[in-house]
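In terms of the working numbering, the sequence shown opens at residue 8 and continues consecutively.
Every residue gets a Cβ at the ideal spot worked out from N, C-alpha and C, and that includes glycine.
One structure is given here, and the rest of the page talks about it.
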Amino acid sequence: MGITEIAGLILLGVAIVITYFAWRRIRLLREGGVHVALRSVFDDRGRGWHLGVGHYQGDSFAWFRVLSLGSGPNELISRDGLEIDARREPTGPEAYAMPVGATVLRCRSASGEVEIAMGPDALTGFLSWLESSPPGRAIPWAS
Numbered sequence: 008m009g010i011t012e013i014a015g016l017i018l019l020g021v022a023i024v025i026t027y028f029a030w031r032r033i034r035l036l037r038e039g040g041v042h043v044a045l046r047s048v049f050d051d052r053g054r055g056w057h058l059g060v061g062h063y064q065g066d067s068f069a070w071f072r073v074l075s076l077g078s079g080p081n082e083l084i085s086r087d088g089l090e091i092d093a094r095r096e097p098t099g100p101e102a103y104a105m106p107v108g109a110t111v112l113r114c115r116s117a118s119g120e121v122e123i124a125m126g127p128d129a130l131t132g133f134l135s136w137l138e139s140s141p142p143g144r145a146i147p148w149a150s
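Structure (structure tokens):
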């Protein structure tokens, strides 16, 4: 097997992976997902953000990273005990990894802290989902 065949196989493999990522993202969005950037490790220089697709699954918000080979969610955020600590606009260095017009929410729950960045429409849906907890639960607004 020559170099040409090996290079062709490598390019075919890369094309298959890129096609899979594109198909996965389209499938997640068509199933009712929203564009969301998320980071669980905070860095003042804007690092650690990952673009993904979020889905509401009952009392959980499932987040799927766009560039992941896994079929399940990368993060599962439970509505129970979730509180919004702060809301802010993205800083210059972090705006590259976020949806257009995004707002950043710093959220706290029993499983830890996470920052979620989403556009205006997705933000409205997220806040509505958070407020619509079943009767008997407190509405989780901290600020």
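Checklist entry - Rounded to a whole number of angstroms, what is the C-alpha to C-alpha distance between Ala129 and Leu18? => result 36 angstroms
Item to check | Assigned secondary structure, Gly40 (DSSP; H/G/I helix, E/B strand, else coil) | outcome: coil
Checklist entry - Applying the criterion that 16 or more other CB atoms from any shown protein chain within 10 Å of the CB defines a buried residue, is Pro100 buried or exposed? => result exposed
Next on the checklist: Let me confirm a value: Met8 is counted as buried when at least 16 other C-beta atoms fall within 10 Å, else exposed. Which label applies?
Outcome noted: exposed
Checklist entry - Would you report the Cα separation of Gly79 and Val24, rounded to the nearest angstrom? => result 17 angstroms
Next on the checklist: Between which two residues does the alpha helix (DSSP H) holding Ser135 run?
Outcome noted: Pro127 to Glu138
Next on the checklist: Since Val111 and Arg86 should fall inside the 8 angstroms C-beta cutoff, what is the C-beta to C-beta distance between them, to a whole number of angstroms?
Outcome noted: The Cβ separation is near 19 angstroms, so there is no contact.
Next on the checklist: Quick check on DSSP: helix, strand or coil for Thr110?
Outcome noted: strand
Next on the checklist: Rounded to the nearest angstrom, what separates Ala93 and Glu122 at their Cα positions?
Outcome noted: 9 angstroms
Item to check | Same chain only: Cβ atoms within 7 angstroms of Asp66, ignoring 5 sequence neighbours per side | outcome: Ser85, Arg86 and Asp87
Checklist entry - Going straight from the alpha carbon of Phe68 to that of Val21, what length do you get? => result 31 angstroms
Item to check | Three-way DSSP call (helix, strand, coil) for Trp56 in this model | outcome: coil
Checklist entry - So which of Met125, Phe71, Tyr103 and Arg37 has the shortest CA-CA distance to Arg113? => result Met125
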